[in-house]
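One structure is given below, encoded as structure tokens.
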Amino acid sequence: MYPLRKGLYAKQAHLNLPEGTYEEEHGREGFYGKVSHLYRLHPPTSWTRIEGNLKPRAYNCNIIENDEKAHIILYNSDLVIYTHRLTRDMPYYYRNADGDEVRFIHEGQGVLETDFGAMAFTKGDYLVIPRGTTYRIKVEQPIFCLLVESFSEINQPERGLLGPNALYDPATIETPEPSPIIDDREWELKIKRLGEETSVFYPFNPIDVVGWKGDLSVWKISIKDICPVISHRAHIPPSVHSTFIGSKFVICSFVPRPLESEEGALKVPFYHRNIDYDEVIFYHDGDFFSRDGIKPGTITFHPQGIHHGPHPKALKNSSKKEKTDEYAVMIDARNPLIPSEDAQKVEWKEYYMSWKE
Numbered sequence: 016m017y018p019l020r021k022g023l024y025a026k027q028a029h030l031n032l033p034e035g036t037y038e039e040e041h042g043r044e045g046f047y048g049k050v051s052h053l054y055r056l057h058p059p060t061s062w063t064r065i066e067g068n069l070k071p072r073a074y075n076c077n078i079i080e081n082d083e084k085a086h087i088i089l090y091n092s093d094l095v096i097y098t099h100r101l102t103r104d105m106p107y108y109y110r111n112a113d114g115d116e117v118r119f120i121h122e123g124q125g126v127l128e129t130d131f132g133a134m135a136f137t138k139g140d141y142l143v144i145p146r147g148t149t150y151r152i153k154v155e156q157p158i159f160c161l162l163v164e165s166f167s168e169i170n171q172p173e174r175g176l177l178g179p180n181a182l183y184d185p186a187t188i189e190t191p192e193p194s195p196i197i198d199d200r201e202w203e204l205k206i207k208r209l210g211e212e213t214s215v216f217y218p219f220n221p222i223d224v225v226g227w228k229g230d231l232s233v234w235k236i237s238i239k240d241i242c243p244v245i246s247h248r249a250h251i252p253p254s255v256h257s258t259f260i261g262s263k264f265v266i267c268s269f270v271p272r273p274l275e276s277e278e279g280a281l282k283v284p285f286y287h288r289n290i291d292y293d294e295v296i297f298y299h300d301g302d303f304f305s306r307d308g309i310k311p312g313t314i315t316f317h318p319q320g321i322h323h324g325p326h327p328k329a330l331k332n333s334s335k336k337e338k339t340d341e342y343a344v345m346i347d348a349r350n351p352l353i354p355s356e357d358a359q360k361v362e363w364k365e366y367y368m369s370w371k372e
């Protein structure tokens with residue numbers, strides 16, 4: 016099917032909308048597939064009420080119990096999203112035989128000890144830990160992190176026409192140097208397999224690697240080293256901000272960027288209804304001007320099928336803004352995500368009504 020044009024429409028998506036209309040992007044395969052733009056007389060989020068379970072949700076992860084354990088927020092058969100607080104060194108080593116891990120450090124700093132060596136980390140760092148890696152986290156300042164467990168391998172996105180230095184330069188990636196730990200005390204190694212933990216004990220520290228080679232390793236990158244893809248003329252979809260790729264999900268990074276400067280350009284995210292992907296955003300730092308009432312440490316969850324987009328105040332004030340000042344992590348999941356009991360305990364129940372003027 017070739018693109019059709021009917022009624023009132025904008026010649027270029029997200030630019031010079033017909034007066035008095037609200038643009039909705041109705042697309043498939045996230046933002047990668049077929050798409051149409053609908054020009055509505057009312058914001059599609061201007062509902063008076065919702066009866067049923069399908070609604071936008073928000074979780075204040077700042078108030079989840081701090082018990083040194085990782086708490087599940089959302090999950091499906093492809094990935095699990097946790098928040099994890101640590102106030103002291105892990106007293107054991109850990110190996111996840113079920114999946115790769117991506118940890119985003121929201122608060123704190125410490126050292127990640129691994130088979131491949133040790134790496135210091137701080138606020139804003141992503142730590143990528145391949146499946147089967149032995150590691151331990153040492154805490155220098157209390158840590159609050161977002162943890163994504165992937166049951167497929169985590170990879171970097173294809174850059175395509177943007178070239179190999181787009182998104183982030185490979186030179187910004189850090190990997191550890193071998194640093195064997197000589198310690199003849201008994202050490203516990205917990206291995207997770209099929210969701211169950213088994214403890215293996217050694218009469219020495221299991222981090223005893225004196226050298227390594229290959230193309231599989233833990234690695235680190237700071238969100239502040241990520242360069243946004245921008246267009247001064249028209250808003251571009253969030254998929255261009257992809258940082259990591261799993262088999263049925265992507266992890267994207269939102270960082271400060273100049274807003275569109277073309278006259279008549281839409282400066283806020285367009286309305287959409289997430290037909291093929293659930294959308295999760297973890298708010299890290301800055302001014303989240305497109306979302307009212309959202310603080311750092313909050314997770315929003317916009318499931319497939321129901322609209323979301325900018326809040327009314329953000330839409331009205333967008334013409335005055337020249338740049339964004341926010342850091343956030345977005346996860347788009349192909350298969351529906353299920354909120355956990357822990358998430359439901361910290362849910363902002365009225366979030367779905369926050370689009371009401």
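If you're matching positions, the sequence shown starts at 16 in this note's numbering and goes up one per residue. Cβ atoms here follow ideal geometry from the backbone N, Cα and C, with glycine treated the same way.
Exposure label - residue i; buried when at least 16 CB within 10 Å
i    : result
I197 : exposed
K235 : buried
P195 : exposed
H299 : buried
T63  : exposed
K335 : exposed
I144 : buried
P218 : exposed
T247 : In the sequence on display, residue 247 carries His and not Thr. H247 comes out exposed.
T213 : exposed
N68  : exposed
V295 : buried
E372 : exposed
P273 : exposed
S102 : Looking at the sequence itself, residue 102 is Thr, so the reference to Ser does not match. Looking at its Cβ environment, which holds fewer than 16 other Cβ atoms inside 10 Å, T102 is exposed.
R20  : exposed
A186 : exposed
V225 : exposed
G48  : exposed
S268 : buried
F216 : exposed
L56  : exposed
I65  : exposed
L330 : buried
D302 : exposed
N289 : buried
E275 : buried
D293 : buried
R100 : buried
Contact belief for residue i with residue j at Cβ below 8 Å, rounded distance in angstroms
i    : j    : result
C160 : G312 : Not really, about 11 Å apart at Cβ, beyond 8 Å.
P139 : I238 : Just to set this straight, residue 139 is Gly in the shown sequence, not Pro. Between I238 and G139 the Cβ distance is about 5 Å, and since that is below 8 Å, they are a contact.
S254 : F46  : 4 Å
Q319 : D347 : Actually they do not touch by this definition, with Cβ atoms about 10 Å apart.
M105 : I152 : 5 Å
H29  : L281 : 4 Å
I222 : A112 : Actually they are not in contact, since the Cβ atoms of I222 and A112 sit about 18 Å apart, beyond 8 Å.
V233 : T190 : 7 Å
W370 : H326 : 6 Å
I309 : P71  : Not really, about 12 Å apart at Cβ, beyond 8 Å.
A78  : V361 : The identity of residue 78 in the sequence shown is Ile, whereas the question assumes Ala. I78 to V361, Cβ: 5 Å. Contact.
E164 : Y97  : 7 Å
E173 : D115 : In fact, because the Cβ distance is near 18 Å, the residues do not count as touching under 8 Å.
Y108 : W202 : 6 Å
I1   : V117 : Only positions 16 to 372 of the chain appear in this structure, which leaves residue 1 out of reach.
N- and C-terminal bounds of the beta strand (DSSP E) containing residue i
i    : result
E372 : No beta strand (DSSP E) holds E372; DSSP gives it neither H nor E.
A358 : No beta strand (DSSP E) holds A358; the alpha helix (DSSP H) holding it covers 356-360.
T129 : 115-129
I296 : 293-302
L142 : 140-144
Y109 : 108-111
C242 : Segment: none, C242 is in no beta strand (DSSP E) and carries neither H nor E.
F136 : 132-136
S262 : Element bounds for S262: n/a, residue is neither H nor E.
| request: Return the chain-ordered ranges of every beta strand (DSSP E) run that is complete within the stretch 157-239 and spans a minimum of 3 residues. | output: 202-208, 211-217, 234-237
| Segment contact flag, the stretch 344-353 with the stretch 77-91, C-beta cutoff 8 Å, min 3 pairs | As far as the Cβ criterion goes, the stretch 344-353 touches the stretch 77-91, which means the pair count is three or higher.
| task | Enumerate, from N- to C-terminal direction, the unbroken beta strand (DSSP E) stretches of 3 or more residues contained entirely within the stretch 23-96. | result | 37-42, 50-55, 72-75, 85-90
| Unbroken alpha helix (DSSP H) runs of length 4 or more, entirely within the stretch 313-346: which are they? | Within the stretch 313-346, the complete alpha helix (DSSP H) segments at least 4 residues long are 327-332, listed from N- to C-terminus.
| So does the stretch 91-99 actually touch the stretch 126-133, counting three or more Cβ pairs closer than 8 Å? | Taking 8 Å as the limit for Cβ pairs, the verdict is that the stretch 126-133 does not touch the stretch 91-99.
| task | Count the C-beta pairs between the stretch 272-287 and the stretch 31-41 that are closer than 8 Å, then say yes if the count reaches three, no if not. | result | yes
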